[in-house]
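Report on one structure; see the data block that follows.
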């Protein structure tokens, strides 16, 4: 009975994950292509025939806000340079969440594949911290070496966003090891029967 609920709910959650991923990706691309750069963010205002308005925003915060300002002042498109990298972790997280709920839908709750999926999500969060910290430095270095943007500064900032990513990464890492332990206990129980 409970497994049926998990299977059914997993199907709906997978559809929701797919919808959210497509919505975020399409709004991101639309905002980058059609939006205007205003104060470290791209803003796309949509007028729905005077009935209501929508505003889509892609912002660059933390160390990325300083780099976005420098890139824009130097004549570069901050959305292309920073935005494409900023969206990648979200895509990976959606992918691993989709895989995890696919396993649940297949009635695989305590398996090595679940462990791997959760570990991969933890790795994405940890990689996100590294990217968040060092990508601005890499961009500035490449622009300096290529002679394209000497006014772009080297920036390294550790902020609350990186600490949140670290917390999420550790939580998923811990949950993964709990799942692995439960898997081992389940395998031991099957062997003793």
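In the working numbering, the protein residues as written are 102 to 294.
Beta carbons are placed, not taken as given, at the ideal position from N, Cα and C, and that holds for glycine.
Give me the DSSP bridge partner(s) of residue i.
i: residue 143; result: 138 and 159
i: residue 148; result: 154
Around the C-beta of residue i, are 16 or more other C-beta atoms found within 10 angstroms, so that it is buried, or is it exposed?
i: residue 133; result: buried
i: residue 240; result: buried
i: residue 182; result: buried
i: residue 165; result: buried
i: residue 296; result: Residue 296 cannot be examined here, being either before or after the span of the chain that is shown, 102 to 294.
i: residue 233; result: buried
i: residue 213; result: exposed
i: residue 140; result: exposed
i: residue 230; result: buried
i: residue 136; result: buried
Where does residue i fall in DSSP's three states?
i: residue 251; result: coil
i: residue 377; result: Because residue 377 is not part of the residues shown, which for the chain are 102 to 294, the question remains open.
i: residue 178; result: coil
i: residue 212; result: coil
i: residue 184; result: helix
i: residue 234; result: helix
i: residue 258; result: coil
i: residue 125; result: helix
i: residue 206; result: helix
Determine the contact status of residue i and residue j, defining contact as a CB-CB distance below 8 Å.
i: residue 226; j: residue 266; result: yes
i: residue 206; j: residue 115; result: yes
i: residue 179; j: residue 161; result: yes
i: residue 159; j: residue 184; result: yes
i: residue 157; j: residue 131; result: yes
i: residue 211; j: residue 287; result: yes
i: residue 277; j: residue 220; result: yes
Keeping to the same chain, check which residues put their C-beta closer than 7 Å to that of residue i; ignore five residues upstream and five downstream.
i: residue 111; result: 202, 205 and 206
i: residue 244; result: 250 and 253
i: residue 198; result: 118
i: residue 222; result: 194, 197 and 273
i: residue 280; result: 211, 215, 216 and 219
Keeping to the same chain, check which residues put their C-beta closer than 8 Å to that of residue i; ignore five residues upstream and five downstream.
i: residue 228; result: 190
i: residue 129; result: 159, 184 and 188
i: residue 147; result: 154, 155, 156 and 157
Tell me, please, whether the CB atom of residue i is closer than 8 Å to any CB atom in chain B?
i: residue 250; result: No chain B is present in this structure, which holds just one protein chain.
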